[in-house]
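Residue numbers (my numbering), protein chains in the order written: chain A, 79 to 225; chain B, 79 to 225; chain C, 52 to 129; chain D, 52 to 129. No residue lacks a Cβ here, since even glycine has one placed at the ideal position from N, Cα and C. Here the structure is laid out as structure tokens; the discussion comes afterwards.
Below you can see the structure in the form of structure tokens.
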């Protein structure tokens with residue numbers, strides 16, 4: 079079962095759009111699915127004190143994060159009648175404009191897929207021990223904090 | 079502006095995953111975007127009286143639908159602070175497991191992108207004069223009705 | 052007055068055509084046109100058929116020469 | 052008892068290291084360990100640092116030999 083398989087969440091660097099297309103294509107044999115909901119986090123070139131964010135360098139407490147992802151997944155599958163769910167998060171450097179988070183949920187019905195997707199996004203942001211260093215063009219940096 | 083350009087919504091047949099990847103890739107130069115929300119409708123192989131849906135054949139009152147899409151888009155841009163929004167819907171035959179609807183919204187912040195995406199999906203389902211003929215393997219059919 | 056009538060989805064199937072022109076007394080209202088069409092093609096009202104006049108869902112519109120009237124079965128987009 | 056301490060993100064930067072081992076009196080609590088570490092590395096508590104014991108966020112846990120204690124700055128995933 080999709081639910082039980084241990085999943086690799088962290089990917090090195092940005093998540094390429096082709097990976098997203100491939101994930102979608104992989105679901106075309108699952109004809110009990112009627113709706114997919116996808117969330118993508120993209121790095122913003124924010125301006126901070128007249129300096130522009132060029133990239134975020136992600137790090138994580140990986141052993142704990144894997145545990146947290148597993149718990150979020152268990153909780154999502156018990157709360158929502160989803161067919162499958164996939165999450166990917168970048169590690170290392172991701173440039174402005176590139177994708178750092180990919181959440182993908184599927185269900186027979188749209189509301190379930192959408193609610194489950196939101197649940198994953200909020201839970202990951204709140205509970206996963208992931209840290210982001212915002213890099214500026216002059217080699218200075220600041221540490222990102224989730225709102 | 080993205081908002082003003084007249085948009086082609088209807089595509090012939092299924093929406094290929096590669097088109098979705100290309101849409102995502104096209105946004106990597108827009109570095110004010112922080113979040114994308116995507117909804118995909120997929121044809122389910124539902125069972126009706128022991129017969130399985132093989133495909134849906136879509137038709138539409140196209141002139142009216144284009145008008146409706148335009149109004150939904152205007153309304154979405156006035157309600158939500160989104161950077162851009164794209165919608166694609168299939169015409170003609172789409173087989174079970176294939177994608178028939180692709181809604182793609184982007185914003186600086188995740189909640190806005192997600193809410194706008196949901197708004198588009200609900201509005202399209204409720205207001206767009208699109209009709210679907212569910213085709214069974216024995217060449218019989220029934221007409222789909224949105225719940 | 053001459054009107055263009057359009058039928059979609061299940062209604063086009065039931066009527067056996069997608070489009071036709073109809074001559075009406077100019078005093079005739081949309082309600083009267085619906086009565087005529089529903090009777091002619093045995094449309095079942097319980098299916099919540101909507102009628103658009105020139106691409107607008109407004110059942111209180113007065114009809115005029117050249118209007119396009121579309122008979123729409125329940126929507127099924129997405 | 053010997054503990055493994057881990058530091059992440061801004062805290063690893065401030066401490067100047069990602070990992071170290073520390074010997075503690077076995078009577079020492081997690082609160083006492085935090086006090087020692089915060090003082091040594093001048094961590095600013097107002098930043099809402101969280102502490103995980105063996106990958107679990109439970110500040111009331113009693114420490115034992117070999118525990119892994121992680122000092123975590125605010126999360127920034129997604």
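Any Cβ of chain B within less than 8 Å of the Cβ of residue i?
i	result
residue 207 of chain A	no
residue 198 of chain A	no
residue 55 of chain C	no
residue 183 of chain A	no
residue 112 of chain C	no
residue 81 of chain C	no
residue 78 of chain C	no
residue 154 of chain A	no
residue 109 of chain C	no
residue 220 of chain A	no
residue 123 of chain C	yes
Let me know the secondary structure DSSP gives residue i once reduced to three states.
i	result
residue 128 of chain B	coil
residue 60 of chain C	helix
residue 99 of chain D	coil
residue 79 of chain B	Because the pLDDT at residue 79 of chain B is just 43, under 50, the model does not fix this residue reliably, and the value given afterwards should be weighed accordingly. Residue 79 of chain B: coil per DSSP, three-state reduction.
residue 101 of chain A	helix
residue 106 of chain A	coil
residue 115 of chain B	strand
residue 126 of chain C	coil
residue 121 of chain A	coil
residue 112 of chain D	coil
residue 225 of chain A	coil
residue 76 of chain C	coil
residue 54 of chain D	strand
residue 94 of chain A	coil
For chain C, find out if any of its Cβ atoms is closer than 8 Å to the Cβ of residue i; answer yes or no.
i	result
residue 224 of chain B	yes
residue 192 of chain B	no
residue 213 of chain B	no
residue 145 of chain B	yes
residue 91 of chain B	no
Taking its Cβ as the centre, do 16 or more other Cβ atoms sit within 10 Å of residue i, making it buried, or is it exposed?
i	result
residue 77 of chain C	exposed
residue 91 of chain D	exposed
residue 160 of chain B	buried
residue 188 of chain B	buried
residue 218 of chain A	exposed
residue 128 of chain B	exposed
residue 153 of chain B	exposed
residue 126 of chain A	exposed
residue 166 of chain B	buried
residue 139 of chain A	buried
residue 157 of chain B	exposed
residue 210 of chain A	buried
residue 128 of chain D	buried
residue 109 of chain A	buried
residue 111 of chain C	exposed
residue 57 of chain D	buried
residue 113 of chain B	buried
residue 107 of chain B	exposed
residue 61 of chain D	buried
residue 117 of chain C	exposed
residue 164 of chain B	buried
Check the DSSP bridge columns for residue i and list the partner residues they point to.
i	result
residue 173 of chain B	B:133
residue 86 of chain B	According to DSSP, residue 86 of chain B bridges with nothing at all.
residue 138 of chain A	A:208
residue 165 of chain A	A:181
residue 219 of chain B	B:213
residue 104 of chain C	C:107 and C:120
residue 160 of chain B	B:185
residue 92 of chain C	BP columns for residue 92 of chain C are empty, so no partner.
residue 152 of chain B	Paired residue(s): none; residue 152 of chain B is not in a bridge.
residue 71 of chain D	D:56
Closer than 8 Å, CB to CB, is residue i near chain D or not?
i	result
residue 120 of chain A	no
residue 139 of chain A	yes
residue 170 of chain A	no
residue 203 of chain A	yes
residue 210 of chain A	yes
Under a CB-based cut-off of 8 Å, is residue i close to chain A?
i	result
residue 162 of chain B	no
residue 165 of chain B	no
residue 67 of chain D	no
residue 151 of chain B	no
residue 127 of chain D	yes
residue 61 of chain D	yes
residue 84 of chain D	no
Any C-beta of chain E within less than 8 Å: which residues of the region 108-134 of chain B qualify?
Judged by its chain identifiers, the structure shown contains no chain E, and its protein chains are A, B, C and D.
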